[in-house]
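Chains as they are written, first to last, in the working numbering: chain A, 159 to 309; chain G, 159 to 309.
C-beta: ideal position from N, C-alpha, C; glycine also.
Presented below is the structure to which this report refers.
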DNA sequence: GGTACAGCGGATATACTTATCGTCAAATGC
DNA sequence: GCATTTGACGATAAGTATATCCGCTGTACC
């Protein structure tokens, strides 16, 4: 339903929110949330461009949340990527379906709207708070001392 | 959100429901609902295999609805293709996320469930009934065109 | 049986999403 | 300045959804 890319982005944002304010590198996030590092790099860049994350280069750099978790919604993340379609006209472009959509596309539009509302109503902070009980959305331990370089 | 294939399928089913019980060929449907004929052929086959349509070969053959429109829901069509994901476990497969999902995926699962309910609650017959006229309670912001087609 | 119609199924092409890789540019510390 | 860290960006590959093509099979009618 939501793309894999969006799933990755949500996981990454949640991880950053949970891990406090200091920057985390792409590599660290990728290992923690189990997402291909090279691909995650692009996703994180997109989130930074959209203003959801801050990017900091150089030693002890990385990504941080651009706002406190209470002010980042799931919709912010979803919209940063490409996300939800707007159904504002019938794909057939029949004149009689504008501006009032035909019943089929009215239904579909309503579903999208409902999703938007749900996403907009849920902040990252809420997700974190809920995850205290039952057991948190823990991310796998990063036990392995990594060798530099990719892969 | 829903795939293009699903959109095609919904249009085709709606067309068949609207056009009465006699068989319609792939070509006729494709022209009517503006979908690439070769591709639609596969979609219609899938719908027939799923029991939503009946297929009849030979002269004056084609596709018909397998049940009266009152007993075909949008969900029947969507499910016939591949459609909505089931989010029954966290993609990270963390044991502590089963059987209770983490808050993130619980939200996503709820959204899918809501969509399913909406789709299941809407029959093809309802869509047809509504498409006769825009509902009285709706006031399009633009002057109404004189001629009105069907939806 | 023969012929025309229309769906069936496999092979192939195109487009978009997802993933990988290499090179560059900015930040930090010496 | 120079070396190192780390994100930015572009090119490319792999995978999946979408679309096209063509020969085959079942059906109706004569």
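Does the beta-carbon of residue 264 (chain A) have 16 or more other beta-carbons within 10 angstroms, so that it is buried, or is it exposed? buried
Only counting the same chain, and skipping five residues up and downstream in sequence, which positions put a Cβ closer than 8 Å to that of residue 275 (chain A)? none
Rank G:169, G:170, G:285 and G:190 by C-alpha distance to the C-alpha of residue 228 (chain G) and give the top, closest one. G:285
Pairwise C-alpha distance: residue 269 (chain A) and residue 222 (chain A): 32 Å
So what does DSSP say about residue 167 (chain G), is it helix, strand or coil? helix
Looking only at C-alpha atoms, which of A:260, A:168 and A:200 sits nearest to residue 283 (chain A)? A:168
List the whole-angstrom C-beta distance separating residue 277 (chain A) from residue 231 (chain A), where the pair is believed to meet the contact cut-off of C-beta under 8 Å. 7 Å
Selected residue, minimal CA-CA separation from residue 220 (chain G), among G:191, G:195 and G:182: G:182
Tell me the rounded alpha-carbon separation between residue 198 (chain A) and residue 240 (chain G). 27 Å
Would you say residue 280 (chain A) reaches chain G, if we count a Cβ-Cβ gap shorter than 8 Å as a contact? yes
Measure from the alpha carbon of residue 233 (chain G) to the alpha carbon of each residue in G:214, G:210 and G:215, then state which is nearest. G:210
Measuring only the C-alpha atoms, how far is residue 288 (chain G) from residue 245 (chain A)? 18 Å
Use the C-beta contact count for residue 271 (chain G): other C-beta atoms within 10 angstroms, 16 or more gives buried, fewer gives exposed. exposed
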